[in-house]
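Going from the sequence shown to the numbering used here is simple: count from 1 and add 41.
These notes are about the structure you will find just below.
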Amino acid sequence: MTTRYQRILLKLSGEALMGEDNYGINQIVIRRIVAEIEEVNKLGVEIAIVVGGGNIFRGMKSANGDMERVTADYMGMLATVMNALALQDAMKRVGLIPRIQSALRIDQVVEPYIRGKAMRYLKEGWIVIFAAGTGNPFFTTDTAAALRGMEMDVDIVLKATKVDGIYSSDPQVNPQATRFSKLSFDEAISKNLQVMDATALTLCRDQKLPLNVFSIFKPGALKRIIIGEDEGTFVMI
Ligand code: UDP
42 MTTRYQRILL KLSGEALMGE DNYGINQIVI RRIVAEIEEV NKLGVEIAIV VGGGNIFRGM
102 KSANGDMERV TADYMGMLAT VMNALALQDA MKRVGLIPRI QSALRIDQVV EPYIRGKAMR
162 YLKEGWIVIF AAGTGNPFFT TDTAAALRGM EMDVDIVLKA TKVDGIYSSD PQVNPQATRF
222 SKLSFDEAIS KNLQVMDATA LTLCRDQKLP LNVFSIFKPG ALKRIIIGED EGTFVMI
């Protein structure tokens, strides 16, 4: 089967990993997500993943006067390492070959981010999971997704969320909200649509790296995007 994209960066938010739970990692949900990833791996697509941490710890929210922001952000980045380990475990169970690389050094647990090595893993057909975001406080894993996507020279960033694309307003709050099928980066930034932070959108725009926002809970959606079908919202220059 010919695919539209040969190398992708999949951004999995922490929220996606917790499913309907209020907190933490839901193993059933992880298994379902891994099955979607496996489908795409079978097509020979090279897959890099940036995993979020919001299901465990979110720096900005926790900082709120009670804790130094930088400390809270380091905790948030460490939360992404936990998610990466859970994802790696679930991938190994189905015979995929995952490799985690962390932007913060925790050498006994996962290897550090080394671009050349990550590229080699991708060419082997292994799945690279990037943990600890950018390694810097005051950033998000969305920005890490844009950054690693550019560094890995991927064809597209796929942002997996709980809703099936970008809406004119929050569809869970406003039933009249409508979904955009296509959008420019400038529109997404100026409308402040809360889909991705402006830093991430600006990076993608400046490097002409397209973005597709879709629901990871819609069975087969990831594969459909890969083979060139319309799913969710496509954001381009
Ligand atoms: N974080 C950070 N720098 C980064 C990436 C993440 O400081 O480069 C921290 C930040 O506190 C953030 C938390 O890690 O709130 C979890 O990441 P994020 O909120 O992006 O996760 P997601 O929303 O995707 O679950």
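Glycine is no exception: its CB is placed at the ideal position from the N, C-alpha and C atoms.
Because the structure is a prediction, the values reported are computed rather than measured.
Could you tell me which residues DSSP puts in a beta bridge with residue i?
i, result
"Ala201", "Leu53 and Phe255"
"Pro153", "Ser143"
"Lys189", "In the sequence on display, residue 189 carries Arg and not Lys. BP columns for Arg189 are empty, so no partner."
"Ile74", "Paired residue(s): none; Ile74 is not in a bridge."
"Lys223", "Phe275"
"Ile207", "Phe221"
Along the beta strand (DSSP E) that carries residue i, what are the first and last residues, could you check?
i, result
"Pro277", "Position check: residue 277 holds Met in this sequence, whereas Pro was assumed. Thr274 to Met277 is the extent of the beta strand (DSSP E) around Met277."
"Glu87", "Glu87 to Val92"
"Ala218", "Neither: Ala218 is in no beta strand (DSSP E) and is coded neither H nor E."
"Val169", "Ile168 to Ala172"
Do you know whose CA, among the options, lies nearest residue i's CA?
i, options, result
"Ala89", "Leu145, Val150 and Tyr154", "Tyr154"
"Asp196", "Gln248, Gly55, Gly273 and Ala125", "Gln248"
"Lys259", "Asp227, Lys203, Met42 and Thr121", "Lys203"
"Met59", "Phe171, Gly95 and Ile170", "Gly95"
"Leu126", "Ala104, Ile71 and Gly85", "Ile71"
"Gly85", "Arg134, Leu128 and Leu163", "Leu163"
"Gln149", "Tyr46, Asp194 and Val122", "Val122"
How is the alpha helix (DSSP H) around residue i delimited, first residue to last?
i, result
"Phe98", "Premise fails: Phe98 is in no alpha helix (DSSP H) and is neither H nor E."
"Ile268", "Counting along the chain, Ile268 falls outside any alpha helix (DSSP H), and DSSP gives it neither H nor E."
"Ser231", "Phe226 to Ser231"
"Tyr115", "Arg110 to Arg134"
"Arg246", "Ala239 to Asp247"
Ordered along the chain, which non-local residues of its own chain (more than five positions away) have a Cβ less than 6 angstroms from that of residue i?
i, result
"Ala187", "Ala241, Leu244 and Cys245"
"Gly176", "Ala144 and Leu145"
"Trp167", "Ile138 and Arg140"
"Ser20", "One cannot answer for residue 20 here, as it falls past the ends of the chain, which runs 42 to 278."
Between residue i and the rest of its own chain, which residues show a CB-CB distance below 8 angstroms, the 5 nearest in sequence each way excluded?
i, result
"Asp205", "Arg220, Phe255, Ser256, Lys259, Ala262, Glu272 and Gly273"
"Gly65", "Met59, Asn96 and Ile97"
Given 7 angstroms as the limit, tell me if residue i has its C-beta closer than that to any heavy atom belonging to ligand 1.
i, result
"Arg99", "yes"
"Phe255", "no"
"Ser209", "no"
"Pro178", "yes"
"Thr112", "no"
"Met118", "yes"
"Gly106", "no"
"Asp62", "no"
"Ser143", "no"
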